[in-house]
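Have a look at the structure below before the remarks.
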Amino acid sequence: MSTLAIILTVAPLAAYAVIVFFTSRWKALSAGIAIAATGTSLALSIWLLLGMIGDPTPVHVSMSWLSIPHLGGIRGLDISMGVLVDPLSSLMMTIVSFVAFLVMVYSLGYMKGDEGFSRYFAYLGLFTFSMLGLVIADNYFQTFVFWELVGLSSYLLIGFWRLKDSAAEASKKAFVTNRWGDFGFLVGILLLFTIFGTFDFAVLAKEIPAYEHLGLIALIAVLVFTGPMGKSAQVPFHVWLPDAMEGPTPVSALIHAATMVAAGVYLVARGFVLFQSVPQVMELIAWIGGFTAIFAALIALVQRDIKRILAYSTLSQLGYMFLALGAGSMSAGMFHLTTHAFFKALLFLGAGSVIHALHEQDIFRMGGLSKKMPVTTWTFVIGSLSLAGLFPLAGFWSKDEILLVALREGQTALFVIGLVTAFLTAFYMFRLIFTVFFGEPVPAEHGHGHQAHESPVSMTGPLVLLALLSVVAGLVGSPWWQAWFGSSFGSFIFFGEPEAPHLDLAVALPATIVAVLGIGIAWLVYGKKLVRHEALAERFRPLHTLLLNKFYIDEFYALVFKWVMMLGGRVFDWFDHRVIDGTFDGLGSATRTSGGKLRLLQTGRLQSYALVLFGAVAVAVVLVSTNLIGGFAK
-15 MSTLAIILTV
-5 APLAAYAVIV
5 FFTSRWKALS
15 AGIAIAATGT
25 SLALSIWLLL
35 GMIGDPTPVH
45 VSMSWLSIPH
55 LGGIRGLDIS
65 MGVLVDPLSS
75 LMMTIVSFVA
85 FLVMVYSLGY
95 MKGDEGFSRY
105 FAYLGLFTFS
115 MLGLVIADNY
125 FQTFVFWELV
135 GLSSYLLIGF
145 WRLKDSAAEA
155 SKKAFVTNRW
165 GDFGFLVGIL
175 LLFTIFGTFD
185 FAVLAKEIPA
195 YEHLGLIALI
205 AVLVFTGPMG
215 KSAQVPFHVW
225 LPDAMEGPTP
235 VSALIHAATM
245 VAAGVYLVAR
255 GFVLFQSVPQ
265 VMELIAWIGG
275 FTAIFAALIA
285 LVQRDIKRIL
295 AYSTLSQLGY
305 MFLALGAGSM
315 SAGMFHLTTH
325 AFFKALLFLG
335 AGSVIHALHE
345 QDIFRMGGLS
355 KKMPVTTWTF
365 VIGSLSLAGL
375 FPLAGFWSKD
385 EILLVALREG
395 QTALFVIGLV
405 TAFLTAFYMF
415 RLIFTVFFGE
425 PVPAEHGHGH
435 QAHESPVSMT
445 GPLVLLALLS
455 VVAGLVGSPW
465 WQAWFGSSFG
475 SFIFFGEPEA
485 PHLDLAVALP
495 ATIVAVLGIG
505 IAWLVYGKKL
515 VRHEALAERF
525 RPLHTLLLNK
535 FYIDEFYALV
545 FKWVMMLGGR
555 VFDWFDHRVI
565 DGTFDGLGSA
575 TRTSGGKLRL
585 LQTGRLQSYA
595 LVLFGAVAVA
605 VVLVSTNLIG
615 GFAK
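Using our numbering, the letters of the sequence shown correspond one by one to residues -15 to 618.
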């Protein structure tokens, strides 16, 4: 199993190298190599997943990478690199390779004709390798290495259209924002190593619960959690994710569905013992997740860009996942990560199909697409219903499991936040649907609806497959799964937690009611147009302006950057050049000047010495002569 895990991880990297060094001139060949490599990863990951379902015993292989022996009173250093295949990693490997494979197939149609076609598929291969390497890592050090590679490859993909200023700025914003979280993550794992002498997940899982100083463990847990906050774009590190929409739409599906943003959720699940050891940290994680969920959903209510609506939706759903993890259920968080991968990839690729047809992203410059793009329309509707959490689609089971966990753990406030977020989610998604697909066609002079056409099979095929999974994937968390298919995979997806999946009407009914209510109000405003949305925006202008400007957090960060970081940089620059450089340059200048004067005394020339000697003798003669003359005079 460990050998297969290494092969499936390295295959996309091999594709990247081959494309970059040998086949970049041949676009079709480059795409074929990338798709074949990712398809190999998908096949092997499914094989490993099925093997883990049959026998969930973890497979762990490790080897020493850097070893420095103990010297005197100085502790030695031993850093290993290894492969860990268990239920958690095998599930994540399958999700990553599956979404990456579909995105690559979809990109054949979407990126057709792009000058950077080969480079694009090479970057996708590098990104897939980085994510798979992160997933199979058996220790924090190795995880951090691949964590940074994920950041690098996402930077390349977000800024893929590098001649476009907004794309270049967005990639830099993502890179810099993640550095803040990654710095805390690095400090946290170095503290872990300082205390326990190891980065290994398995060893730490045994030693952390027995450690006496909970305050230090709490500090380490918070520091490590800043990494997931950055990668998974939790408040206050959320600002990079919406701007990442500047990359190609398939990249948005890859980054925002199951891969980069899910890395933070996966890391918290992988190091669950660290966080679970301190209840206060768990509560902090839950509240950050809950706040992010409702915060992002509110902003999504007023966005006009179809991709930004989905970006804020991703932020919100990631908040749901952290809420579940913080409430104490790794299973609920990972279950929602799994279902979210399918319906959010579907929605982003569906948005890409619309953009590909219209070359437009403003939803109010679209309309009436249901007749011209039926496959895109109905797959998008299925994805939205699943996202809204309607029975019996995939999102219903995973979202309700999160709400159930919050209620069961006595987190009533978080349960209410989850319900309100479910209402907002249904409203903003069907605001989009009733405007774009079922609204009145926009006149040619005001929109691009007249250009609409269905996308090619290379794009609609992945949409149909993802729509099917958005319907059935959640059934593994239903009480009927065990009755129909046995308990093996249902127990596997819930990681062996004692409580079997069940339908709790106390959660399901209110969650369904608020979702239906959100859809109904969206239909009245944007479908039936009983109330003009422009009038609502005018009626609540202060609130609308606040949401439209994303609570002015980006502007606040821009001010902090300008007046704190840049001003501080200028002060340090002045101090460096004027004080430090001035001091040492002044010393050098004084030394050079005095040396220049002193060198007149030691020129090394005999003529100069003879002249000085002659002058000295002449002066002496004059003085002596003067004294003698004076003596005779007396």
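We put the beta carbon where it would ideally sit given N, CA and C, even for glycine. Here the structure is a predicted model, which means the values were calculated and not measured.
Need the endpoints of the alpha helix (DSSP H) that H517 sits in, please. Residue mapping note: residue 517 aligns to position 533 of the sequence shown, counting from 1. Where H517 is concerned, the enclosing alpha helix (DSSP H) starts and stops at H517 to R523.
Alpha carbon to alpha carbon, what distance is there between S297 and L452? Start at 1 with the first residue of the sequence shown, and residue 452 comes out as number 468. Start at 1 with the first residue of the sequence shown, and residue 297 comes out as number 313. If I take the Cα positions, the gap works out to 21 Å.
Per DSSP, the bridge partner or partners of N123: Against the sequence shown, residue 123 aligns to sequence position 139. Note: N123 sits in a beta bridge opposite D184.
What residue range is occupied by the uninterrupted beta strand (DSSP E) comprising V45? In the sequence shown, the residue the question calls residue 45 occupies position 61. It spans V43 to I52 - the beta strand (DSSP E) in which V45 sits, taken as one unbroken run.
Continuous beta strand (DSSP E) stretch holding D565: start and end: Position 581 of the sequence shown, counted from the first residue, corresponds to residue 565. Segment D565 to L582 is the alpha helix (DSSP H) holding D565; no beta strand (DSSP E) there.
Going straight from the alpha carbon of A217 to that of L299, what length do you get? Along the sequence shown, read from residue 1 onward, the residue named residue 217 stands at position 233. Along the sequence shown, read from residue 1 onward, the residue named residue 299 stands at position 315. So the two alpha carbons sit approximately 7 Å from each other.
Check the C-beta distance from F128 over to I173 and give it rounded, since I have them as a contact under 8 Å. Along the sequence shown, one-based indexing puts residue 128 at 144. Along the sequence shown, one-based indexing puts residue 173 at 189. So it is a contact: roughly 6 Å between Cβ atoms.
Is DSSP giving S64 helix, strand or coil here? Taking the sequence shown and counting its residues from 1, one reaches residue 64 at position 80. It is a strand residue.
Could you tell me the boundaries of the alpha helix (DSSP H) in which H320 lies? By 1-based counting over the sequence shown, the position of residue 320 is 336. Element bounds for H320: M314 to L342.
For the alpha helix (DSSP H) containing K291, list its first residue and its last residue. Here residue 291 is taken as the residue at index 307 of the sequence shown, counted from 1. Where K291 is concerned, the enclosing alpha helix (DSSP H) stretches over I290 to G310.
Check whether the region 355 to 367 touches the region 437 to 457, counting contact only when three or more Cβ pairs, one atom from each stretch, lie closer than 8 Å. yes
Mapping the DSSP letters down to three states, classify D39 as helix, strand or coil. By 1-based counting over the sequence shown, the position of residue 39 is 55. Residue state, collapsed to three classes: coil.
Could you give the C-beta distance for L619 and L398, rounded to a whole number, given that I count them as a contact under 8 Å? Because the chain in this structure spans residues -15 to 618, residue 619 falls outside the shown range and cannot be described.
Taking the alpha carbon of F418 as the reference point, which residue from I272, G502 and T444 has its own alpha carbon closest? Numbered from 1 along the sequence shown, position 434 holds the residue referred to as residue 418. Closest option to F418, Cα to Cα, is G502.
Own chain residues within Cβ distance below 7 Å of L374, not counting five before or after: As a first step, residue 374 is located in the sequence shown; it is residue number 390 there, counting from the start. Taken in chain order, the residues that qualify are F380, T496 and A499.
Using a Cβ-Cβ cut-off of 6 Å (strictly less than) and excluding sequence neighbours within five positions of G109, which residues of its own chain qualify? Taking the first residue of the sequence shown as 1, we reach residue 109 at position 125. So the qualifying residues of the chain are P(-4), A(-1), Y0 and A18.
Can you confirm whether the region 398 to 409 touches the region 346 to 362 when touching is taken to mean that 3 or more C-beta pairs between the two stretches lie within less than 8 Å? no
Does A194 pass the burial test, meaning 16 or more other C-beta atoms within 10 Å, or should it be called exposed? The residue given as residue 194 occupies position 210 in the sequence shown. Exposed.
Reference F180; option with closest CA among L68, F167, L200 and L582: Working through the sequence shown from its first residue, we reach residue 180 at position 196. Comparing Cα-Cα distances from F180 to each of L68, F167, L200 and L582, the minimum goes to L200.
In the structure shown, what three-state DSSP assignment does V69 receive? For this step, residue 69 is matched to residue 85 along the sequence shown. Reduced to three states, the DSSP call for V69 is strand.
Cβ-based burial, I272 [other Cβ within 10 Å; buried from 16]: One-based indexing of the sequence shown puts residue 272 at position 288. Counting C-beta atoms within 10 angstroms of its own C-beta, I272 has 16 or more neighbours from the protein chains shown and is therefore classed as buried.
Would you grab the beta carbon distance between L532 and V286 for me? Rounded to a whole angstrom, and I think it's under 8 Å. Counting from 1 along the sequence shown, the entry for residue 532 is found at position 548. Counting from 1 along the sequence shown, the entry for residue 286 is found at position 302. 5 Å between Cβ atoms; contact.
Does the pairing of the region 250 to 260 with the region 198 to 214 give three or more beta-carbon distances under 8 Å? yes
DSSP on D384, reduced to helix/strand/coil? Position 400 of the sequence shown holds residue 384. It is helical.
Buried or exposed for P232, going by 16 or more other Cβ atoms inside 10 Å? Translated into the one-based positions of the sequence shown, residue 232 becomes position 248. P232 is buried by the Cβ-count criterion.
Given this structure, state the Cα-to-Cα distance separating M305 from I269, to the nearest angstrom. In the sequence shown, the residue the question calls residue 305 occupies position 321. In the sequence shown, the residue the question calls residue 269 occupies position 285. Cα-Cα distance, rounded: 10 Å.
With a Cβ-Cβ cutoff of 8 Å, do A84 and T22 count as a contact? Here residue 84 refers to the residue found at position 100 when the sequence shown is read from its first residue. Here residue 22 refers to the residue found at position 38 when the sequence shown is read from its first residue. At a Cβ-Cβ threshold of 8 Å, A84 and T22 count as neighbours.
Are the beta-carbon atoms belonging to L371 and P446 less than 8 Å from one another? Taking the sequence shown and counting its residues from 1, the one referred to as residue 371 is at position 387. Taking the sequence shown and counting its residues from 1, the one referred to as residue 446 is at position 462. Not closer than 8 Å, so no.
Are there 16 or more other CB atoms within 10 angstroms of the CB of K631, so buried, or fewer, so exposed? Absent from the structure is residue 631, since the part of the chain shown begins at -15 and ends at 618.
Touch test, the region 219 to 237 against the region 315 to 322, Cβ-Cβ under 8 Å, three pairs minimum: no
If you reduce the DSSP assignment to three classes, tell me which class D346 lands in. Residue numbering aside, residue 346 sits at position 362 when the sequence shown is read from its first letter. Three-state result, D346: strand.
Through-space distance from L118 to F469, alpha-carbon basis: The residue labelled residue 469 in the question sits at position 485 within the sequence shown. The residue labelled residue 118 in the question sits at position 134 within the sequence shown. Here F469 scores only 45 on pLDDT, less than 50, and its place in the model should not be relied on; the value that follows carries that caveat. So the two alpha carbons sit approximately 32 Å from each other.
Please name the residue in Q264, T577, G255 and F327 whose C-alpha comes closest to that of K383. As a position in the sequence shown, residue 383 is number 399, starting the count at 1. For the residues Q264, T577, G255 and F327, the minimum Cα distance to K383 belongs to F327.
As an exercise, report each continuous beta strand (DSSP E) stretch of at least 3 residues that is fully enclosed by the region 115 to 163, in chain order. none
Leaving aside the five residues before and after E191 along the sequence, list all residues of the same chain whose C-beta is less than 6 Å from its C-beta, in chain order. Within the sequence shown, residue 191 is the residue found at index 207, counting from 1. The answer, listed in chain order, is F180.
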